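Down below is the structure, laid out as structure tokens.
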Amino acid sequence: MRESTIMKIHYGTALAAVALVAVHILMRMTMNFADSLEYETVLANYKFIPYAIMLELILVLLSIHGFNGLRVILLELKQGRTYEKAVSYGCLAAMFALIAYGSRTIIMTNMGMV
Amino acid sequence: MTQDEHKEGFKGMANPSRYGIERVAYWLMRLSGLGLLAYFIGHIYETSNILRGRVGWNEFLELTQTTEGHIVLAIVIAMCVFHTVNGIRVMLGHGGVGVGKPARPDYPYDPASQNYRHKIGIYSAIILAAIAMMYGLAVMFGE
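Those sequence lines, one after another, are chains A and B.
Note that the working numbering gives residue 15 to position 15 of the first sequence, counting from 1, and the numbers run on in steps of one.
Note that the working numbering gives residue 1085 to position 85 of the second sequence, counting from 1, and the numbers run on in steps of one.
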């Protein structure tokens, strides 16, 4: 993929994540901070499907943005055909692993498998 | 960059005191990005403890809901706000907003893009991050 396209994705995921993370944080502030972390409250959040979908979107957006950012930083430090391929595929693999692990939590909790 | 600065290699490029607030912003952007990625990975692991049931969740909360945990979270809030505000500044700059008009390069060759608008953007990002961190601390410790 062209670097210009990747940067557009990088900026797009950033803007979308800012909006959704703001909603995620505001949800914590609808009540006392400590109460918002209570087991029942968190479980209820995961079981509310629109919120679970939003969490999944945040997970995907931030994983793409975060690991692409890491890739950019690593490519700035050192260049070379093998190194660049290793960094790009490494970041891609880490991104998919994190999305899979986070999705597992969201799906299992939403479906009541706790 | 002079010949001597080239000899310094990575250290010369990394020196935040030599090239003004823009270089400081460059480093803060990267450091906050790496910090936020580390926090994000930790947060995904932290929230996965809900699958261990009430006992597992409460055990993990005991680890994170401490004074140290709140201080770490306040730093994360500051990093998040700085990264967001400075990121918007960088995006606008890449889009050609606020970088000035092209002009003949005259001595002392000040880059048109490193103008007061972007400097204000960087200082605003730092100030907003500090305010958000203070607000976060007030919310977390004010209970």
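C-beta: ideal position from N, C-alpha, C; glycine also.
Computed from a predicted model, the values in this text were never measured in an experiment.
Looking only at its chain, what residues have a beta carbon closer than 6 Å to the beta carbon of residue i, apart from the 5 residues adjacent to it on each side?
{"i": "residue 1115(B)", "result": "1100"}
{"i": "residue 1027(B)", "result": "1016"}
{"i": "residue 1121(B)", "result": "1089"}
Identify, in the order they occur along the chain, each residue of the same chain with its Cβ nearer than 8 Å to the Cβ of residue i, setting aside the five sequence neighbours on each side.
{"i": "residue 1036(B)", "result": "1076, 1079, 1080, 1083"}
{"i": "residue 1014(B)", "result": "1027"}
{"i": "residue 6(A)", "result": "68"}
{"i": "residue 103(A)", "result": "56, 59"}
{"i": "residue 1021(B)", "result": "1119, 1122, 1123"}
{"i": "residue 47(A)", "result": "109, 110, 112"}
{"i": "residue 1008(B)", "result": "1015"}
{"i": "residue 1108(B)", "result": "none"}
Between which residues of its own chain and residue i is the CB-CB distance below 7 Å, once the five residues before and five after are set aside?
{"i": "residue 95(A)", "result": "63, 64, 67"}
{"i": "residue 1073(B)", "result": "1136, 1140"}
{"i": "residue 1124(B)", "result": "1085"}
{"i": "residue 1117(B)", "result": "1098"}
{"i": "residue 1046(B)", "result": "1060, 1064"}
{"i": "residue 74(A)", "result": "87"}
{"i": "residue 1023(B)", "result": "1016"}
{"i": "residue 1103(B)", "result": "1112"}
{"i": "residue 115(A)", "result": "Residue 115(A) falls outside the range modelled here, since chain A spans only 1 to 114, and no answer is possible."}
Out of the options, which has the shortest C-alpha to C-alpha gap to residue i?
{"i": "residue 963(B)", "options": "92(A), 83(A), 14(A), 3(A)", "result": "Because residue 963(B) is not part of the residues shown, which for chain B are 1001 to 1143, the question remains open."}
{"i": "residue 1134(B)", "options": "1103(B), 1092(B), 1071(B), 1113(B)", "result": "1071(B)"}
{"i": "residue 125(A)", "options": "102(A), 58(A), 52(A), 71(A)", "result": "Outside the shown range of chain A (1 to 114) lies residue 125(A), about which nothing can therefore be said."}
{"i": "residue 1050(B)", "options": "1041(B), 1104(B), 1061(B)", "result": "1061(B)"}
{"i": "residue 179(A)", "options": "60(A), 11(A), 34(A)", "result": "In the structure as shown, chain A begins at 1 and stops at 114. Residue 179(A) is therefore absent and cannot be evaluated."}
{"i": "residue 50(A)", "options": "34(A), 32(A), 27(A)", "result": "27(A)"}
{"i": "residue 1096(B)", "options": "1107(B), 1112(B), 1022(B)", "result": "1112(B)"}
{"i": "residue 54(A)", "options": "113(A), 37(A), 17(A), 33(A)", "result": "17(A)"}
{"i": "residue 1041(B)", "options": "1(A), 98(A), 52(A)", "result": "98(A)"}
{"i": "residue 38(A)", "options": "1031(B), 1054(B), 1039(B), 1025(B)", "result": "1054(B)"}
{"i": "residue 132(A)", "options": "1038(B), 1058(B), 1132(B)", "result": "Outside the shown range of chain A, which is 1 to 114, sits residue 132(A), and nothing can be said about it."}
{"i": "residue 8(A)", "options": "1019(B), 1012(B), 1039(B), 1091(B)", "result": "1091(B)"}
{"i": "residue 114(A)", "options": "1142(B), 1105(B), 1052(B)", "result": "1052(B)"}
{"i": "residue 23(A)", "options": "80(A), 3(A), 52(A), 79(A)", "result": "52(A)"}
Would you say residue i touches the ligand MN, meaning its beta carbon is less than 7 Å from a heavy atom?
{"i": "residue 1060(B)", "result": "Here there are no bound small molecules, and the ligand MN is not part of this structure."}
Count the other CB atoms, across all protein chains shown, that sit within 10 Å of the CB of residue i; report buried if there are 16 or more and exposed otherwise.
{"i": "residue 1044(B)", "result": "buried"}
{"i": "residue 93(A)", "result": "exposed"}
{"i": "residue 30(A)", "result": "exposed"}
{"i": "residue 71(A)", "result": "buried"}
{"i": "residue 1029(B)", "result": "buried"}
{"i": "residue 87(A)", "result": "buried"}
{"i": "residue 77(A)", "result": "exposed"}
{"i": "residue 1087(B)", "result": "buried"}
{"i": "residue 1067(B)", "result": "exposed"}
{"i": "residue 105(A)", "result": "buried"}
{"i": "residue 1129(B)", "result": "buried"}
{"i": "residue 1025(B)", "result": "buried"}
{"i": "residue 1138(B)", "result": "exposed"}
{"i": "residue 1132(B)", "result": "buried"}
Inter-stretch contact at 8 Å, needing at least 3 Cβ pairs: the stretch 95 to 114 of chain A / the stretch 33 to 46 of chain A: In this structure the stretch 95 to 114 of chain A lies against the stretch 33 to 46 of chain A, because at least three pairs of beta carbons, one per stretch, are closer than 8 Å.
Sequence ranges, alpha helix (DSSP H) only - wholly within the stretch 1060 to 1084 of chain B, length at least 4: Counting only runs of at least 4 residues, the stretch 1060 to 1084 of chain B fully encloses no alpha helix (DSSP H) element at all.
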